[in-house]
Amino acid sequence: MRRLTKKKALTLVKELDAFPKVPESYVESTASGGTDIGADVLDLAETMVASDGLNYEPVNFELSPDERLWHITLLHIQERLKVEHSLQDVLFKTAVKGAQPAKTQRDSSSPPNACRIHGHLYVNKVAGNFHITVGKSIPHPRGHAHLAALVSHDSYNFSHRIDHLSFGEAIPGLISPLDGTEKIAADYNHMFQYFITIVPTKLNTYKVSAETHQYSVTERERVINHAAGSHGVSGIFMKYDISSLMVKVTEQHMPFWKFLVRLCGIVGGIFSTTGGNELS
7 MRRLTKKKAL
17 TLVKELDAFP
27 KVPESYVEST
37 ASGGTDIGAD
47 VLDLAETMVA
57 SDGLNYEPVN
67 FELSPDERLW
77 HITLLHIQER
87 LKVEHSLQDV
97 LFKTAVKGAQ
107 PAKTQRDSSS
117 PPNACRIHGH
127 LYVNKVAGNF
137 HITVGKSIPH
147 PRGHAHLAAL
157 VSHDSYNFSH
167 RIDHLSFGEA
177 IPGLISPLDG
187 TEKIAADYNH
197 MFQYFITIVP
207 TKLNTYKVSA
217 ETHQYSVTER
227 ERVINHAAGS
237 HGVSGIFMKY
247 DISSLMVKVT
257 EQHMPFWKFL
267 VRLCGIVGGI
277 FSTTGGNELS
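With our numbering, you'll find the sequence shown wraps up at 286, consecutive numbering, no jumps.
#1: Could you tell me how far apart the beta carbons of Gly241 and Val140 are, in whole angstroms, since I believe they sit closer than 8 Å?
#2: For Leu3 and Glu257, I'd like the C-alpha separation in whole angstroms.
#3: What number of angstroms, rounded off, separates the C-alpha of His126 from the C-alpha of Gly134?
#4: Please say whether Phe136 and Phe244 have beta carbons closer to each other than 8 Å?
#5: Do the CB positions of Thr218 and Thr203 come within less than 8 Å of each other?
#6: Taking all protein chains shown into account, decide if Trp263 is buried (16 or more other Cβ within 10 angstroms of its Cβ) or exposed.
#7: Tell me which residues share the same chain as Pro183 and place their Cβ nearer than 7 Å to its Cβ, disregarding the 5 neighbours each side in the sequence.
#8: From the DSSP output, in three-state form, read off Lys245 for me.
#9: If you draw a straight line from the C-alpha of Arg74 to the C-alpha of Ala216, how long is it?
#10: Using DSSP bridges, identify the partner residues of Asn61.
#11: Once the 5 residues before and after Thr41 are set aside, which same chain residues still bring their CB inside 6 Å of it?
#12: Using only alpha-carbon positions, find the residue among Ala192, Asn210, Ile138 and Val273 that is nearest to Ile177.
#13: When you compare only the Cα positions, how much space is there between His237 and Ile230?
#14: If you draw a straight line from the C-alpha of Ala120 to the C-alpha of Pro64, how long is it?
#15: Relative to the alpha-carbon of Leu251, which residue among Asp185, Val205, Gln84 and Leu80 has its alpha-carbon at the smallest distance?
#16: From Gln84, Asp193 and Lys142, pick the residue whose C-alpha is nearest to that of Tyr162; which is it?
#17: According to DSSP, is Thr289 part of a helix, a strand, or is it coil?
#18: Curious, which full-length alpha helix (DSSP H) runs of at least 4 residues does the stretch 187-237 contain?
#19: Based on Cα-Cα distance, which residue from Met197, Gly59 and Ser249 lies nearest to Ile123?
#20: With DSSP collapsed to three states, give me the class of Lys131.
So this is what it looks like as structure tokens:
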């Protein structure tokens with residue numbers, strides 16, 4: 007068995023690199039350190055849902071007059087839904103059927119100060135959470151983490167406005183509880199939580215027949231203050247769960263023969279009453 011000489015052994019030790027480094031020509035440096043806002047979905051089975059269906063668009067947070075009018079109309083409808091109890095009037099509102107918020111005519115002199123996230127995601131039928139927070143998402147064996155420490159606190163704020171959020175097939179005129187929700191945060195350290203219970207729903211009316219989902223929501227917001235014991239991460243968190251019950255909404259009109267029977271009963275009652283009055 008040949009032995010390595012001392013010179014060859016030293017050469018091997020010098021060439022050994024236990025922590026190989028990427029050449030500088032392969033790395034693109036950024037001044038902000040990788041600032042990013044991530045939107046991710048993680049379900050109960052710890053399955054990361056691909057967010058390829060989401061689009062990120064730089065916009066201005068302030069609404070134009072047309073957008074503000076649309077938003078006020080939607081808020082008025084939501085206020086009526088809180089006191090209305092008729093399914094026919096609650097589920098469908100023709101005032102906003104097919105209506106979409108007008109796009110902002112961005113002024114070239116004012117740069118965008120917000121990010122509009124829109125699109126759709128396919129998720130498993132199990133409980134999960136959808137969250138929007140600061141920092142690039144980095145996957146790891148137990149889920150994922152966001153590199154929030156690399157982002158300056160002065161560069162983000164989680165004030166938000168929800169134009170529309172629904173589950174399942176889109177139904178024209180169907181108003182969801184979170185449509186028109188607007189939250190304003192004074193600074194960066196705010197956590198907004200939405201606890202959503204999804205109820206599968208079958209609609210069978212004379213205008214539409216579809217399978218979709220309704221939901222109820224409980225809102226909570228608080229300020230992150232580690233010194234006061236209020237821990238957490240700044241961002242928007244939506245935790246959803248699917249109910250084991252299903253709601254069926256069916257629209258039925260009275261058959262014509264029943265209408266005739268009732269009409270005859272009313273006419274007979276009138277004649278009986280008038281005849282009794284004449285005899286007396």
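All C-beta atoms, glycine included, are put in the ideal place defined by N, C-alpha and C.
Short version:
#1: Taking the first residue of the sequence shown as position 1, residue 241 is located at position 235. Taking the first residue of the sequence shown as position 1, residue 140 is located at position 134. Right, the Cβ-Cβ distance comes to about 7 Å (below 8 Å), so this counts as a contact.
#2: One cannot answer for residue 3 here, as it falls past the ends of the chain, which runs 7 to 286.
#3: Counting from one through the sequence shown, the residue named residue 126 turns up at place 120. Counting from one through the sequence shown, the residue named residue 134 turns up at place 128. In a straight line, the C-alpha of His126 is about 16 Å away from that of Gly134.
#4: Within the sequence shown, the letter at position 238 stands for residue 244. Within the sequence shown, the letter at position 130 stands for residue 136. Correcting the residue identity first, residue 244 is Met in this sequence and not Phe. For the 8 Å CB-CB criterion, Met244 and Phe136 form a contact.
#5: Reading the sequence shown from its first residue, position 212 is the one you call residue 218. Reading the sequence shown from its first residue, position 197 is the one you call residue 203. At least 8 Å separates the beta-carbon of Thr218 from that of Thr203.
#6: Residue numbering aside, residue 263 sits at position 257 when the sequence shown is read from its first letter. Burial check for Trp263: the Cβ neighbour count within 10 Å stays below 16, so the residue is exposed.
#7: Translated into positions along the sequence shown, residue 183 becomes position 177. Tyr221, Ser222 and Val223, listed in sequence order.
#8: Translated into the one-based positions of the sequence shown, residue 245 becomes position 239. In this structure, Lys245 counts as strand in the three-state DSSP scheme.
#9: Position 68 of the sequence shown, counting from 1, holds the residue named residue 74. Position 210 of the sequence shown, counting from 1, holds the residue named residue 216. One Cα belongs to Arg74, the other to Ala216, and the distance between them is close to 31 Å.
#10: One-based indexing of the sequence shown puts residue 61 at position 55. Here Asn61 is bridged, per DSSP, to His124.
#11: Here residue 41 refers to the residue found at position 35 when the sequence shown is read from its first residue. Because Thr41 sits at a pLDDT of 48, beneath the cut-off of 50, its placement in the model cannot be relied upon, and the point is left open.
#12: For the purposes of this step, residue 177 is taken as the residue at position 171 of the sequence shown. Comparing alpha carbon positions, the residue from Ala192, Asn210, Ile138 and Val273 closest to Ile177 is Asn210.
#13: For this step, residue 237 is matched to residue 231 along the sequence shown. For this step, residue 230 is matched to residue 224 along the sequence shown. Distance between the alpha carbons of His237 and Ile230: 6 Å.
#14: Against the sequence shown, residue 120 aligns to sequence position 114. Against the sequence shown, residue 64 aligns to sequence position 58. Taking the Cα positions, Ala120 is about 6 Å away from Pro64.
#15: In the sequence shown, counting from the first residue as 1, residue 251 sits at position 245. When each option's Cα is compared against that of Leu251, the closest is Val205.
#16: Here residue 162 is taken as the residue at index 156 of the sequence shown, counted from 1. It is Asp193 whose Cα lies nearest to the Cα of Tyr162.
#17: Examination of residue 289 is not possible in this model, given that the chain is present from 7 through 286 alone.
#18: Scanning the stretch 187-237 for uninterrupted alpha helix (DSSP H) segments of 4 residues or longer gives nothing; none is fully contained.
#19: Residue 123 sits at position 117 when you count from the first residue of the sequence shown. Of Met197, Gly59 and Ser249, the smallest CA-CA separation from Ile123 is found for Gly59.
#20: Taking the first residue of the sequence shown as position 1, residue 131 is located at position 125. Reduced to three states, the DSSP call for Lys131 is coil.
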